[in-house]
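Sequential numbering of the sequence shown, starting at 13, is according to our numbering.
Ideal Cβ positions, reconstructed from N, Cα and C, are used throughout, including at glycine.
Right, one structure below, let's go through it.
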Amino acid sequence: YHRKTDLSLSPPVKNFTMLRRGDAVITFSRKHIIKLKSLIEEKTDWKCAVVYGALPPETRKRQAMLFNDTSSGYDILIASDAIGMGLNLNIGRVVFSAVAKFDGDAFRCLT
Numbered sequence: 013y014h015r016k017t018d019l020s021l022s023p024p025v026k027n028f029t030m031l032r033r034g035d036a037v038i039t040f041s042r043k044h045i046i047k048l049k050s051l052i053e054e055k056t057d058w059k060c061a062v063v064y065g066a067l068p069p070e071t072r073k074r075q076a077m078l079f080n081d082t083s084s085g086y087d088i089l090i091a092s093d094a095i096g097m098g099l100n101l102n103i104g105r106v107v108f109s110a111v112a113k114f115d116g117d118a119f120r121c122l123t
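Written out as C-alpha cells, the structure reads:
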C-alpha cells in the first residue's frame, strides 16, 4: 500500500472547543458515541452525525450523507470503527477519544 498523502500527528484535543468542522471523533462503544454527541452539541455550536456498527445500513448511509453535505449543518462525525465499512466520508481530521478497544475478552491498545 502506498499512502498518497502524508500522515501526521496533531497535538491532543483536550476539550471540545478544539474540534474543527470535518473532524471525525472515533470511540469504540455505542454508549460513548451517544454521550459524546450530547456533550459536544451541548458545549459547542457543532451538530454531530453518528455512525456505528449496530445502525441499519440505510441509517449509516444517511448519517454519512448529512456529514458530507456542507449545507446540512452537521459538522462533526462521532463514530466507531464502523466508518471503515464502505462509507465515503469527507473527513478532515481523525480524533481518537480512546487509544484502547475491548476485543470481547480484554482491552487492547490500538496499533
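Report the residue from L51, E53, M30 whose alpha carbon sits nearest the alpha carbon of S22. Relative to S22, the option among L51, E53, M30 whose CA is nearest is M30.
Could you spell out the range, first to last residue, of the beta strand (DSSP E) harbouring K113? 112–114
Check whether the Cβ atoms of K49 and I90 lie closer than 8 Å to each other. yes
Below 8 Å on the Cβ atoms is my contact criterion, and I expect I52 with I88 to pass it. Report the Cβ-Cβ distance as a whole number of Å. 6 Å
Unbroken stretches of the alpha helix (DSSP H), 4 residues or longer, contained in the stretch 62–123: 69–80
Residues that DSSP places opposite V37 in a beta bridge: I90, V107
Along the chain, where does the alpha helix (DSSP H) containing L48 start, and where does it finish? Start and end: 42–55.
What is the C-beta distance between S92 and T39, in whole angstroms, given that I count them as a contact (C-beta under 8 Å)? 7 Å
Beta-carbon spacing of K55, F79 below 8 Å: no
Taking the alpha carbon of K83 as the point to measure from, which residue in K59, P69, S109, R105 has its own alpha carbon closest? The residue you asked about is not Lys; residue 83 is Ser in the sequence shown. Closest option to S83, Cα to Cα, is K59.
Are the CB atoms of A112 and L99 within a distance shorter than 8 Å? No; because the gap between Cβ atoms is not below 8 Å, this pair is not in contact.
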